[in-house]
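Asker: I'd like to ask some things about the structure below.
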Amino acid sequence: MHRIRTIQATAGMAWLGAVMAIETMRTAAAARPGLSRKLVLAAAIMLVGTNAPLRAQMAGPRLMFADIESGPKTGGQSNLGAFISIYGEGFGATQGSSTVTIGGQPVASVTSWGQDNAARDLDRIVVQPGPGAASGNIVVTVGGQASNGLPFTVRAGNIYFVNQATGNDGNPGSYAQPWKTIWHARDAMVAGDTVYVIGGTFNQMDPYAPGWDTLLFLDAGAGSSGTASAPIAYLGYPGNPPFFQNDASRRGIYFNQDAGPLNYIVIGNVRIGSGMTEDAIPLSGIGHRIVGNNFSNGGVGNGIEVLGNTSAIEILGNLFDSNGTPATKEYSIYIAGFGINRDIDVGWNEIKNQQGGRAMQVFGHVAGDRVEDLRIHDNELVGSELNNIVMGNSDGGTEILGTVTVTGNIIAGSASQEGLRINDPQGTVIIENNTFYGNAVAQVYLERAGAGRITLRNNIIVAQAGQQYYEFDAGSSSASFAPANNLVFGAGPCDAWDAGCINQDPLFAGASDYHLQSGSPAIDQGVATSVSRDHDGIPRPQGAAFDIGAYEYYSHVPVCRVSCSATVPPSAGVGDTVSFQSSATLLDCAGGSVSYAWDFGDGSTSSEQNPTHAYATDGAYPWSLTTTAPGAVACGQSGTIGIGSAAGSADLTGSWTKITRKGSKINATFSCQNTGSAAAGSFMIRFYFSRKASAGSKSTLFKSQSVGALAAGASVALKVSGTPTSKHKYIIAVVDALDAVFEDDESDNTIARRLP
Numbered sequence: 005m006h007r008i009r010t011i012q013a014t015a016g017m018a019w020l021g022a023v024m025a026i027e028t029m030r031t032a033a034a035a036r037p038g039l040s041r042k043l044v045l046a047a048a049i050m051l052v053g054t055n056a057p058l059r060a061q062m063a064g065p066r067l068m069f070a071d072i073e074s075g076p077k078t079g080g081q082s083n084l085g086a087f088i089s090i091y092g093e094g095f096g097a098t099q100g101s102s103t104v105t106i107g108g109q110p111v112a113s114v115t116s117w118g119q120d121n122a123a124r125d126l127d128r129i130v131v132q133p134g135p136g137a138a139s140g141n142i143v144v145t146v147g148g149q150a151s152n153g154l155p156f157t158v159r160a161g162n163i164y165f166v167n168q169a170t171g172n173d174g175n176p177g178s179y180a181q182p183w184k185t186i187w188h189a190r191d192a193m194v195a196g197d198t199v200y201v202i203g204g205t206f207n208q209m210d211p212y213a214p215g216w217d218t219l220l221f222l223d224a225g226a227g228s229s230g231t232a233s234a235p236i237a238y239l240g241y242p243g244n245p246p247f248f249q250n251d252a253s254r255r256g257i258y259f260n261q262d263a264g265p266l267n268y269i270v271i272g273n274v275r276i277g278s279g280m281t282e283d284a285i286p287l288s289g290i291g292h293r294i295v296g297n298n299f300s301n302g303g304v305g306n307g308i309e310v311l312g313n314t315s316a317i318e319i320l321g322n323l324f325d326s327n328g329t330p331a332t333k334e335y336s337i338y339i340a341g342f343g344i345n346r347d348i349d350v351g352w353n354e355i356k357n358q359q360g361g362r363a364m365q366v367f368g369h370v371a372g373d374r375v376e377d378l379r380i381h382d383n384e385l386v387g388s389e390l391n392n393i394v395m396g397n398s399d400g401g402t403e404i405l406g407t408v409t410v411t412g413n414i415i416a417g418s419a420s421q422e423g424l425r426i427n428d429p430q431g432t433v434i435i436e437n438n439t440f441y442g443n444a445v446a447q448v449y450l451e452r453a454g455a456g457r458i459t460l461r462n463n464i465i466v467a468q469a470g471q472q473y474y475e476f477d478a479g480s481s482s483a484s485f486a487p488a489n490n491l492v493f494g495a496g497p498c499d500a501w502d503a504g505c506i507n508q509d510p511l512f513a514g515a516s517d518y519h520l521q522s523g524s525p526a527i528d529q530g531v532a533t534s535v536s537r538d539h540d541g542i543p544r545p546q547g548a549a550f551d552i553g554a555y556e557y558y559s560h561v562p563v564c565r566v567s568c569s570a571t572v573p574p575s576a577g578v579g580d581t582v583s584f585q586s587s588a589t590l591l592d593c594a595g596g597s598v599s600y601a602w603d604f605g606d607g608s609t610s611s612e613q614n615p616t617h618a619y620a621t622d623g624a625y626p627w628s629l630t631t632t633a634p635g636a637v638a639c640g641q642s643g644t645i646g647i648g649s650a651a652g653s654a655d656l657t658g659s660w661t662k663i664t665r666k667g668s669k670i671n672a673t674f675s676c677q678n679t680g681s682a683a684a685g686s687f688m689i690r691f692y693f694s695r696k697a698s699a700g701s702k703s704t705l706f707k708s709q710s711v712g713a714l715a716a717g718a719s720v721a722l723k724v725s726g727t728p729t730s731k732h733k734y735i736i737a738v739v740d741a742l743d744a745v746f747e748d749d750e751s752d753n754t755i756a757r758r759l760p
């Protein structure tokens, strides 16, 4: 589809990559001597000797951002930790033999894998790290090519669930027993906690804040503030996000600072619909991330409004479509002053068909307002009724702009006003490697701008009939620009002041497709800038110099590679004959045969395609498969098999059958069950009183109970009693607290019940 210019890589370079990849696999295997309780099927793709062009390999997968940058590796659904949504390009429509690692370790679960399934047609995949995860870079490997890394920190924190259809706020908030309302989650969560909201339409006003007309009121009085190392996250459940909608509401999710600082909140994967006559998300504070949401339901007011003293704000990968009305001037993203707005990252969003207003506005309202270090990059801003972007000016009489960068964007098709409008004589605005196309009146309009304060480099600027490249008002002139190497077309020749200007058809790939064709005059004609990656995440430059415009030209050269799969049971008994099944095919190769190399993790190996093997002792064994062919990128699969003293495995869980209170004392009956297919040896159950629905450092242990062997399908009833404090809200049983029993699934080992 897209193409990349190529140079040849030496076989020696490729073999070095193979050695490093193989050593990484061996190190990962050696680091897992303990008893693993999960089947981990994750490919370890290795680069081996190949004549494939290096630049074709560089195209590969590219990561832009993730919804969360830290989270737990355990807890949540199946005890595999937080869901992490990863956004980028080049993932492919299906996973196949592609892999995801965090800190060099394969993730425990890939929940979804998709192509063109997010704003701007970005690719999105969702993973869970699992108990074996370590802090480090998220890396996606596709066809033997590893992506750039995104840092992820494994940390402590609770994971909760809200399900409006099946939940109850008296539940512990687990996946199996979710809460019903998001307000209860707000009240319960503390720094480091995450809630996943499973579907549902949320249309009731938040009862905590009557008169505010908002659906979710975030406030340090009702809930908690996050921290830089432990944010609080409100996230839609993967594949089933919630919908916030009420035509009578003024606001959707409101960030309020009146009760104290409210910082480091993440809002991700939610849909916000019509209504919200003021703002869908009015945002203030420090460190908030608004990521991967959908505002495309005809909302009347602004989408996201940043106001008050704010800093370290990220607005990433959101979709805004056909919002506003012709009668109102509202904006999808509004940087609105009312204080100092600093360090704001607006990237990879798609804003189209904004009715009556602008895709994005930066404007002050009171004296002293300031916008500093605003980065607008890699967005698609198309078809606004007024400007696609306007920045500068203030009701408060203060010039508000500090330094603003506008890079890598598609800015096209504004209906009645210019594409980009600047109105501030003191602001420093850097406009580099954007593509402007067919905006009404002019592509760039300087209403007021200081001399030399507007850097204009490497932009493609295409005007249609009746449009101009640039427009200047009395408060500006061409002297406001510091230009270099722009390409203009459609409205006459280059201006004399536009240094290095090219006046030719840029040769776009197609209508509304602003990629470059192979003969484009924009290729290799730019100057070096700080824009290190293009709109698609391709590294710059790909040739002798930067290309002009939002896209760097590249060509795709097919790479001969092996695609493989492996099927291995998650567990078996000592001495059992275990079948290891695999398949492999060659892709984009002239021919050849595939070789198989199995490592069973106990010192034994096999070169058969579908071998069998028996393990002599209990334990968890990391197995791996490597498939190779001459001149091809190899493919690998790896995982862990648990070997117990009998085929199958136990699965310990339980339920609270009776809880009564007499005065301050609690009397309860707990039924422990083995729902697995094998007997469980002796194990320990610990009982706690806790403020939350999970056992933590502030929980109080009041009883430990040993249980002898428990046959498959059997249960045992235990009576316990204790006296909680006034702060304790839950009674909790942790089954197999010492991890003495091999289980395929430990997600149901903690059973909490709200106290009467």
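According to our numbering, the sequence shown is numbered sequentially starting from 5.
Even glycine gets a Cβ: it sits at the ideal position worked out from N, Cα and C.
Computed from a predicted model, the values in this text were never measured in an experiment.
(1) If distances are taken between C-alpha atoms only, which option among Lys707, Leu591 and Phe693 comes closest to Ser701?
(2) So Ala331 and Phe367 are in contact, right, with Cβ under 8 Å, and what is the actual spacing, rounded?
(3) Can you check which of these residues, Gly360, Pro545, Gln529 and Ile142, is closest to Ser536 by C-alpha distance?
(4) Once DSSP output is grouped into helix, strand and coil, what is the label at Gln421?
(5) What number of angstroms, rounded off, separates the C-alpha of Asn175 from the C-alpha of Lys184?
(6) Quick check for students: name the residue ranges of the beta strand (DSSP E) that lie wholly in the region 461-518, counting only runs of 3 or more.
(7) Report yes if the CB atom of His369 is closer than 8 Å to the CB atom of Asp325, and no otherwise.
(8) Kindly confirm or deny that the region 385-403 and the region 412-428 touch, where touching means at least three C-beta pairs closer than 8 Å.
(9) How about Gly456 and Ala483: are their beta carbons less than 8 Å apart?
(10) My assumption, with CB atoms under 8 Å, is that Asn244 sits in contact with Val274. Please give the rounded CB distance.
(11) Does the region 229-236 come within contact of the region 251-270, defined as at least 3 CB pairs closer than 8 Å?
(12) Beta carbon of Val637, beta carbon of Cys564: below 8 Å?
(13) Whole angstroms are fine: how far does the CA of Ile736 sit from the CA of Ile755?
(14) What do you get for Thr632, buried or exposed, if any count of 16 or more other CB atoms within 10 angstroms of its CB means buried?
(15) Going by alpha carbons, who is nearest to Ala263 out of Leu222, Glu354 and Phe248?
(16) Taking its Cβ as the centre, do 16 or more other Cβ atoms sit within 10 Å of Thr31, making it buried, or is it exposed?
(17) Who pairs with Ala237 in a beta bridge, going by DSSP?
(18) Alpha carbon to alpha carbon, how far is Val166 from Ile186? Give it in angstroms, no decimals.
(19) As a quick exercise: from Thr704, Thr679, Gly685 and Ala284, pick the residue whose alpha carbon is nearest that of Phe691.
(20) What number of angstroms, rounded off, separates the C-alpha of Glu376 from the C-alpha of Val130?
(21) Spatial neighbours of Gly360 within its chain, please: C-beta separation below 7 Å, excluding the five flanking residues on both sides.
(22) Identify which residue in Ala371, Thr661, Gly667 and Gly541 has its Cα closest to the Cα of Cys676.
(23) Whose C-alpha, out of Val745, Thr170 and Tyr734, is nearest the C-alpha of Asn671?
(24) Can you give me the Cβ contacts of Thr409 inside the same chain, cut-off strictly under 6 Å, excluding the 5 residues immediately before and after it?
(25) Let's test the definition: count the other Cβ atoms within 10 Å of the Cβ of Leu211 and tell me whether it reaches 16, buried, or not, exposed.
(26) Between which two residues does the beta strand (DSSP E) holding Ile542 run?
(27) For Asp223, which residues does DSSP report across the bridge?
(28) From the DSSP output, read off the bridge partner residues of Cys593.
(29) Tell me which residues share the same chain as Thr351 and place their Cβ nearer than 6 Å to its Cβ, disregarding the 5 neighbours each side in the sequence.
(30) Quick one: give me the first and last residue of the alpha helix (DSSP H) that Ile186 is part of.
(31) Excluding sequence positions up to five away, which residues of its chain have a Cβ less than 6 Å from the Cβ of Ala363?
(32) Taking Cβ to Cβ, would you say Gln421 is nearer than 8 Å to Val448?
(33) Give the DSSP bridge partners of Glu309, in chain order.
(34) Could you round the C-beta distance between Ala70 and Gly94 to whole angstroms and report it? I think they count as a contact, below 8 Å.
(35) With respect to the alpha helix (DSSP H) encompassing Ala798, which residues constitute its N-terminal and C-terminal limits?
(36) Identify which residue in Glu282, Cys498 and Met68 has its Cα closest to the Cα of Asp125.
Answerer: In terms of the structure at hand:
(1) Phe693
(2) Actually they are not in contact, since the Cβ atoms of Ala331 and Phe367 sit about 20 Å apart, beyond 8 Å.
(3) Pro545
(4) coil
(5) 9 Å
(6) 464-466, 472-479, 485-488, 491-493 and 512-514
(7) no
(8) yes
(9) yes
(10) In fact, because the Cβ distance is near 11 Å, the residues do not count as touching under 8 Å.
(11) yes
(12) yes
(13) 6 Å
(14) buried
(15) Leu222
(16) Confidence is the limiting factor: at Thr31 the pLDDT is only 31, short of 50, which leaves the residue's position unreliable and the question unanswerable from this model.
(17) Thr198 and Val270
(18) 6 Å
(19) Thr704
(20) 34 Å
(21) Gly328, Thr329, Pro330, Ala331, Thr332, Lys333, Glu334 and Glu389
(22) Thr661
(23) Tyr734
(24) Arg379 and Ile434
(25) In the sequence as displayed, the identity of residue 211 is Pro instead of Leu. Exposed: under 16 other Cβ atoms inside 10 Å.
(26) Element bounds for Ile542: n/a, residue is neither H nor E.
(27) Asn260
(28) Looking at the DSSP assignment, Cys593 forms no beta bridge with any residue, so it has no partner.
(29) Here residue 351 turns out to be Gly, not Thr, going by the sequence shown. If we look at Gly351 and ignore the five residues flanking it on each side, its Cβ neighbours are Leu320, His381 and Asp382.
(30) Ile186 to Ala192
(31) Ser336, Ile355, Leu385, Ser388 and Asn392
(32) no
(33) Pro286 and Tyr338
(34) Contact flag wrong, Cβ pair sits at about 16 Å.
(35) Because the chain in this structure spans residues 5 to 760, residue 798 falls outside the shown range and cannot be described.
(36) Met68
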